[in-house]
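Inspection log for the structure reproduced underneath, given as structure tokens.
Chains as they are written, first to last, in our numbering: chain A, 590 to 704; chain B, -13 to 105.
See below:
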């Protein structure tokens, strides 16, 4: 499983766009990149998943360069309620005898949104 | 998204007692569930992979005799912390994997967590 590296913490203000970058230099060909959000004393919540280029949904965008050694989660116009820990995970999406699809969490990025 | 529940949400017990935590997938069948533990200000640590109808697979360093996992049905997995001690106090989170398609794993949905405090 590829190791991920993220900034430990970030600060932002309401209404700003926030970009959190994750490094995953050892990502494998079959690995997907997934981001989760976690509020205190709650389970993680899926935000977005991608394999290459750009993925966008109603809450975020995920940018993945051609070499896939990093990815950037973009949160448009954050609000106070976006204060949380954001985890970048890399793992196999395709089932196989050599992997169980388990998710290994790194340290995550604590985002603090200020008024 | 799909819903995963955990029960209880919070439990306080005396040292030496055993505590059972339930994880249920409410609107889908999950052949695989996962158990995590999270200490304050730390990330989630995977404890074990629970497969319906078979023995759980434990991560390195996790005592299988202390953390008993039973995945008796496609919607229920239980984690029993046996002879709990204060150092077992933690936030326990389960996740359930939805069925996939085309050889691809389904999405994992996480439960709300169970706060265990051992006195």
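Backbone N, C-alpha and C define an ideal beta-carbon position, used for all residues, glycine too. Predicted, not measured: the structure shown is a model, and the values here were computed from it.
Give a yes or no on whether 8 Å exceeds the smallest Cβ distance from residue 650(A) to chain B. no
Check distances from the C-beta atoms of the region 21 to 41 of chain B to those of chain A and list, in chain order, the residues that come in under 7 Å. 29, 30, 32, 35
Beta carbon proximity, residue 98(B) to chain A, threshold 8 Å: yes
CB contact below 8 Å: residue 703(A) versus chain B: no
What residue does the beta strand (DSSP E) around residue 613(A) start on, and which one ends it? No beta strand (DSSP E) contains residue 613(A), which DSSP labels as neither H nor E.
Span of the beta strand (DSSP E), counted from its first residue to its last, around residue 64(B): 62 to 67
Where residue 8(B) meets chain A, residues with beta-carbon distance less than 9 Å: What residue 8(B) touches in chain A: nothing, since even the nearest Cβ is about 14 Å away.
Mapping the DSSP letters down to three states, classify residue 73(B) as helix, strand or coil. helix
Contact set for residue 21(B): own chain, Cβ-Cβ below 6 Å, skip 5 residues either direction: 33, 34, 65, 80
By the DSSP assignment, the beta strand (DSSP E) with residue 675(A) in it spans what residues? 673 to 681
Bridge partner(s) assigned by DSSP for residue 40(B): Looking at the DSSP assignment, residue 40(B) forms no beta bridge with any residue, so it has no partner.
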